[in-house]
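In terms of this note's numbering, the sequence shown opens at residue 453 and continues consecutively.
Using N, Cα and C, we set each Cβ at its ideal position, and we do this for glycine too.
Just so we're clear, the structure is a prediction, and the values are computed from it rather than from any experiment.
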Amino acid sequence: MSGKGKGGRGKGKTGKGESSSTASKAGLQFPCARLTRYMRGRVERTSMSSGVYMGAVLEYLCAEILELAGNAARDNKKTRIVPRHIQLAVRNDE
453 MSGKGKGGRG KGKTGKGESS STASKAGLQF PCARLTRYMR GRVERTSMSS GVYMGAVLEY
513 LCAEILELAG NAARDNKKTR IVPRHIQLAV RNDE
């Protein structure tokens, strides 16, 4: 056998009883449970959805900055984003 195809290794996401993270339920990349835990140390009352909301806001801000920085890198004929491109993106944003 070549080792490709359906092997018996690993667990798929099709089985029942598997837990899924808060971030995957919300469709986010940022860790919502970690953000909720960090907020619990700062404020008295937090809900479980507060981490999801903060994760969504942070993900949106990162996406906007990275898009503008990517445009700045492309304008300078570069393929990688360096800190200078992020600075140019933030300064030139309306």
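Does the distance from the CB of S473 to the CB of A485 come in under 8 Å?
-> yes
What's the gap between the Cα of V542 and the Cα of C514?
-> 12 Å
Contact under 8 Å by Cβ, L520 with G507 | no
Please classify T498: does DSSP put it in a helix, a strand, or coil?
-> coil
Nearest-angstrom Cα distance between N523 and E546?
-> 15 Å
In terms of residue numbering, what span does the alpha helix (DSSP H) encompassing I538 cover?
-> 535 to 544
Could you have a look at S476 and say whether DSSP puts it in helix, strand or coil?
-> helix
Sequence-distant residues of the same chain with beta carbon closer than 8 Å to S471, five excluded per side | none
To which residues of the same chain is I517 closer than 8 Å at the C-beta, ignoring the five residues directly before and after it?
-> I538, A541, V542
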